[in-house]
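Numbering (my numbering), first residue to last: 287 to 393.
Note that the Cβ used here is the ideal one computed from N, Cα and C, for glycine as well.
Please read the structure below before turning to the comments.
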Amino acid sequence: MAPNSTFTSETIAAGFHALSDPLRIQVLELLRSQELCVCDLCDHLGTTQSKLSFHLKTLKEAGLVRARQEGRWIYYSLNLPQFVALEQYLAEFRRFSPILPTRPCET
């Protein structure tokens, strides 16, 4: 696979880790159409703010969401460039990894 300077093991792992939880996927689905505050996310997901805060922190650390504060509310939106980076990372496997039949082990 051709190396890409935008990819590091840590950022790729953090991105896929963030995508590995169903609640975080639901958060991302809600943010696809608009920026939302924590209270709206809690209402849509039927969860507590403390539970959601943990998941939002994971998404932020992975760079998948952005947060901005307005008054006492924090609004979240998708950070699309990070999704593009994950998509490009996966695309490199398709482009640079030929599918070859396995060789038998000789042990």
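The alpha helix (DSSP H) that contains residue i, what's its start and end?
| i | result |
| --- | --- |
| arginine 380 | 366 to 382 |
| leucine 305 | Premise fails: leucine 305 is in no alpha helix (DSSP H) and is neither H nor E. |
| threonine 344 | 335 to 347 |
Does the beta-carbon of residue i have 16 or more other beta-carbons within 10 angstroms, so that it is buried, or is it exposed?
| i | result |
| --- | --- |
| arginine 310 | buried |
| glutamine 368 | buried |
| valine 370 | exposed |
| leucine 345 | buried |
| histidine 341 | buried |
| leucine 372 | buried |
| alanine 377 | exposed |
| alanine 299 | exposed |
If distances are taken between C-alpha atoms only, which option among the options comes closest to residue i?
| i | options | result |
| --- | --- | --- |
| leucine 317 | Asn365, Glu392, Arg381 and Leu372 | Asn365 |
| arginine 352 | Gln320, Pro308 and Arg381 | Gln320 |
| proline 308 | Leu322, Thr333 and Thr294 | Thr333 |
| cysteine 325 | Phe382, Arg358, Pro387 and Cys391 | Arg358 |
| serine 306 | Arg380, Thr388 and Ala348 | Ala348 |
What does DSSP give as the partner residues of residue i in its beta bridges?
| i | result |
| --- | --- |
| serine 363 | Arg352 |
| cysteine 323 | Tyr361 |
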